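Take a look at the structure below.
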Amino acid sequence: PPVECEVFDEDLQDEAIKHLYLNLCNLPGDRSLLPSYVTSQDAADSRRGGRLGFSEWANTIKEFSLSTLISAISFVRCGRYINGSRAPLTDIYMRPTTSRVDNQVNSYRICVGNFGAVCVSVGMCTFSSITRLAPGANNKFRKYVAIVLHNQDWERLEAWTCICFNEQVLYCQMSGKAIQLTTPHSTPEETSEGENCICPFCLVD
Numbered sequence: 001p002p003v004e005c006e007v008f009d010e011d012l013q014d015e016a017i018k019h020l021y022l023n024l025c026n027l028p029g030d031r032s033l034l035p036s037y038v039t040s041q042d043a044a045d046s047r048r049g050g051r052l053g054f055s056e057w058a059n060t061i062k063e064f065s066l067s068t069l070i071s072a073i074s075f076v077r078c079g080r081y082i083n084g085s086r087a088p089l090t091d092i093y094m095r096p097t098t099s100r101v102d103n104q105v106n107s108y109r110i111c112v113g114n115f116g117a118v119c120v121s122v123g124m125c126t127f128s129s130i131t132r133l134a135p136g137a138n139n140k141f142r143k144y145v146a147i148v149l150h151n152q153d154w155e156r157l158e159a160w161t162c163i164c165f166n167e168q169v170l171y172c173q174m175s176g177k178a179i180q181l182t183t184p185h186s187t188p189e190e191t192s193e194g195e196n197c198i199c200p201f202c203l204v205d
């Protein structure tokens, strides 16, 4: 990590939570996930690329108090559960996974101790089909949520993720202003009512 943190774009900071980002691990700048937030509902929003500052983000979430939201985004680590926007890089290591066929490394896994890490991000849910599957192509169904992170968490998560995988740029799936997390498609016959709530991510309230 650099001597001074290079991930701190003043245009993306929110006065209400600046103090929460003062003592985190230093991250190098010029790292990004692509495609980044580029769509915008209005011209005033275009400078930020469609991203939301914390105050605007928090005001949109009516179900939770400001103190609850600040407590949620301040989470760093509990066991193998880590917040990539805040967790020190020294808490994790990258474990290679090899192919059973030729024993070549084909991927890497973020780990904490002897276990795979569960990376947690706090997002504002803009759409959910968790309990009711959304129809897709070829009569396939899926469960998914669309979430929006606020500026400061997103800025750090970009750099943290790129460093973990030793890349300058990483590609990810996005839709509009939201990051969309999607399960593999399944047919109605493959999915029972009891399984509808099982997803590869956690919704915590």
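Note that our numbering numbers the sequence shown so that position 85 is 85, with each residue one more than the last. Yeah, the Cβ is synthetic: ideal placement off N, Cα and C, and Gly gets one too. Please read all numbers here as calculations on a predicted model, not as lab measurements.
Task: Close beta carbons around R156, own chain, < 8 Å, minus the five adjacent residues each side - done: V7, Y21, L24, L27, G84, S85, R86
Task: Exposure label - C78; buried when at least 16 CB within 10 Å - done: exposed
Open item on the list: Just to confirm my understanding: we take D102, look at its own chain, exclude 5 residues before and 5 after, and list those with CB closer than 7 Å. What are they?
Closed with: none
Open item on the list: Quick check on C125: buried or exposed, where buried means 16 or more other Cβ atoms within 10 Å of its Cβ?
Closed with: exposed
Task: Outcome for A159 when other beta-carbon atoms lying within 10 angstroms are tallied against a minimum of 16 - done: buried
Task: R47 (DSSP reduced to helix, strand or coil) - done: For R47, the predicted model reports a pLDDT of 45, less than 50, meaning its position is unreliable; a value from the coordinates is still stated below. Helix.
Task: Bridge partner(s) assigned by DSSP for L20 - done: Partner(s): none; L20 has no beta bridge.
Open item on the list: To the nearest angstrom, how far is the alpha carbon of Q168 from that of S32?
Closed with: 7 Å
Task: Beta-carbon proximity of R80 to V120, cut-off 7 Å - done: no
Open item on the list: Please report the straight-line C-alpha distance between S65 and R100, rounded to a whole angstrom.
Closed with: 50 Å
TODO: Report the residue from A16, E10, S107, W154 whose alpha carbon sits nearest the alpha carbon of S67.
DONE: A16
- [ ] For V122, count neighbouring Cβ atoms within 10 angstroms of its own Cβ and tell me buried if that reaches 16, exposed if not.
- [x] buried
- [ ] Taking only the alpha-carbon atoms, compute the straight-line gap between V76 and I82 and give it to the nearest angstrom.
- [x] 6 Å
- [ ] Please list, in chain order, all residues of the same chain as T98 whose beta carbon is under 8 Å from its beta carbon, the five residues on each side excluded.
- [x] Q104, V105, N106
TODO: Check N151 in the structure and name its three-state DSSP category.
DONE: helix
Open item on the list: For F127 and G53, what's the separation of their Cα atoms in angstroms?
Closed with: 20 Å
TODO: Can you have a look at T90 and say buried or exposed, based on whether 16 or more other CB atoms are within 10 angstroms of its CB?
DONE: exposed
- [ ] Look up C119 in the DSSP assignment and say whether it is helix, strand or coil.
- [x] strand
TODO: Give every residue of the same chain whose Cβ lies closer than 7 Å to the Cβ of F165, excluding the five residues on either side of it in the sequence, and list them in chain order.
DONE: Y108
- [ ] Measure the C-alpha to C-alpha separation of W154 and I147 and round it to an integer number of angstroms.
- [x] 12 Å
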